[in-house]
């Protein structure tokens with residue numbers, strides 16, 4: 346809604362969950378579709394928004410400082426201190442954390458970090474929380490699934506508008522100057538999609 350184009354596609358690179366590019370005319374955020382987890386995807390999107398807001402065209406992305414800043418932005422954006430601090434448990438109350446996960450649509454890990462960052466949870470309890478996440482296998486697959494990640498809609502609406510005005514998807518691909526397979530991947534259009542026939 347604020348002019349950022351968001352796309353989702355399979356990144357197929359284990360250490361890359363998302364990335365952004367702040368083009369001069371319009372920023373683009375690319376979200377990986379590999380994990381299919383709403384909580385992770387929302388944090389990735391907020392993290393990339395943090396890069397755009399904090400670092401823009403000139404910032405170095407990928408170093409420890411900028412990544413930490415983008416993480417802090419994402420946490421504050423998704424879990425504002427004034428709203429969540431009083432709800433966070435001081436101890437490892439997993440049912441409470443699961444309720445918060447369902448309410449805020451963030452991971453247990455993100456809630457644990459937020460509890461520590463906001464001074465609700467002490468260092469020892471925080472460390473025990475990470476151990477518990479590891480022992481239970483929750484660092485890879487958390488309980489309390491939230492469903493599929495949100496789907497970007499701006500490009501799809503633009504395509505619908507384009508097609509309703511008489512420009513076909515094939516014409517769009519020709520005019521774009523990009524390889525057809527790349528355009529179809531970014532726009533989630535099946536490469537074998539057949540043209541629609543209207544009578």
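Numbering (the working numbering), first residue to last: 346 to 544.
Glycine included, each C-beta is placed from N, C-alpha and C at the ideal position.
For residue 364, the beta-bridge partners assigned by DSSP are 375. Taking C-beta atoms under 8 angstroms as the contact rule, residue 430 and residue 463 qualify, at a distance of about 5 angstroms. Within 10 angstroms of the beta-carbon of residue 499 lie fewer than 16 other beta-carbons, which makes it exposed. Beta-bridge analysis with DSSP links residue 352 to 375. Residue ranges of uninterrupted beta strand (DSSP E) with 3 or more members are absent from the segment 388-463; none lies entirely inside it.
Under the three-state reduction of DSSP output, residue 519 falls in the helix class. Straight through space, the alpha carbons of residue 513 and residue 507 are spaced by roughly 7 angstroms. For residue 489, there is no enclosing alpha helix (DSSP H), as DSSP marks it with neither H nor E. Counting along the chain, the unbroken alpha helix (DSSP H) around residue 479 starts and ends at 468-480.
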